[in-house]
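So for the sequence shown, this note's numbering puts the first residue at 12; every next one is plus one. Virtual Cβ for every residue (Gly too), placed ideally from N, Cα, C. Have a look at the structure below before the remarks.
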Amino acid sequence: PETIPLTVVYEDDDILVVDKPAGLTVHPAPAHPAHTLVNAVLARCPEVSSVDASLRPGVVHRLDKDTSGLMVVAKNKEAHMNLAAQLKKRRVRKKYWVLVKGSPSREEGTIAAPLGRHPKDRKRMAVVPQGREAYTSYKVLKRLGKYSLIEAAPQTGRTHQIRVHFSSIGCPVAGDAVYGVRLPYLDRQFLHAFLLGFRLPTSGDYVEFRSELPPDLQQALEQVYRDSLE
12 PETIPLTVVY
22 EDDDILVVDK
32 PAGLTVHPAP
42 AHPAHTLVNA
52 VLARCPEVSS
62 VDASLRPGVV
72 HRLDKDTSGL
82 MVVAKNKEAH
92 MNLAAQLKKR
102 RVRKKYWVLV
112 KGSPSREEGT
122 IAAPLGRHPK
132 DRKRMAVVPQ
142 GREAYTSYKV
152 LKRLGKYSLI
162 EAAPQTGRTH
172 QIRVHFSSIG
182 CPVAGDAVYG
192 VRLPYLDRQF
202 LHAFLLGFRL
212 PTSGDYVEFR
222 SELPPDLQQA
232 LEQVYRDSLE
């Protein structure tokens, strides 16, 4: 447990919905045992440690360290199993705002490309023929000169899915140091989980949460817009 400020969007006896800031890793690993979202959640809700004995208690789905936005954490085993089942059946709604270099050829569509470990670099993911199936639906919200603001809705939850999928169609994510292109005025990838919808584990009621674009991405977007006018 570690006292790290958490933006809690919703909480009940079963779950916690948080708005994760960029730069915060979700769960501990040998390389970063402390200062993670899990440490912060355990400080607030010690009961989460009983969900499972792993380094990621309560974590049902993840966001990359430098991705901001909404996440749900389970506070007990029943809620964890229920949410995991909803994810597996693709019943959880997730939408992201993403800024990419270039522009997709269509206003909206679905990227269907299997993902797996990169054959030459195990730390990276790649589109590979024998990979796990992965689908990302998208629509172009605004074309801004050399960039496009996109609403992306991943139907599956593969590691780095949105980042690799857009790179694979020639529209790499702005600010992404691994798969994308650097953006001079942003020191992280432009990727924000702005919508999260699912059924509450106990009542079965559908709930949906939204998150505003964080200030760093808002400023970067305004700069891209200004550049597009020149």
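- Val52 carries a helical assignment under DSSP once its states are collapsed to helix, strand and coil.
- Distance from the CA atom of Phe209 to the CA atom of Glu89, rounded to whole angstroms, is 15 Å.
- Approximately 4 Å separates the beta-carbon atoms of Leu155 and Ser239; this is inside 8 Å, confirming the contact.
- With a beta-carbon spacing of about 6 Å, Leu202 and Val184 fall inside the 8 Å limit used to define contacts.
- Secondary structure at Val175: helix, using DSSP grouped into helix, strand and coil.
- DSSP links Tyr21 through a beta bridge to Val28.
- Under the three-state reduction of DSSP output, His72 falls in the coil class, being neither helix nor strand.
- Between Leu98 and Val71, the C-beta gap is smaller than 8 Å, which places the two residues in contact.
- When the Cα atoms are used, Pro140 and Ala51 turn out to be separated by approximately 39 Å.
- Around the beta-carbon of Lys106, 16 or more other beta-carbon atoms lie within 10 Å, marking it buried.
- Residue pairing from DSSP leaves Ala42 without any beta-bridge partner.
- Here the segment 209-226 does not lie against the segment 123-134, with fewer than 3 beta-carbon pairs under 8 Å apart.
- The beta-bridge partner set that DSSP reports for Val151 consists of Ile161.
- Rounded to the nearest whole angstrom, the C-alpha separation of Pro165 and Ala137 is 16 Å.
- Annotation: Glu13 is outside any beta strand (DSSP E) and is labelled neither H nor E by DSSP.
- Taking Arg143 as reference, the option from Leu194, Leu160, Leu27 and Ala124 with the minimal CA-CA separation is Ala124.
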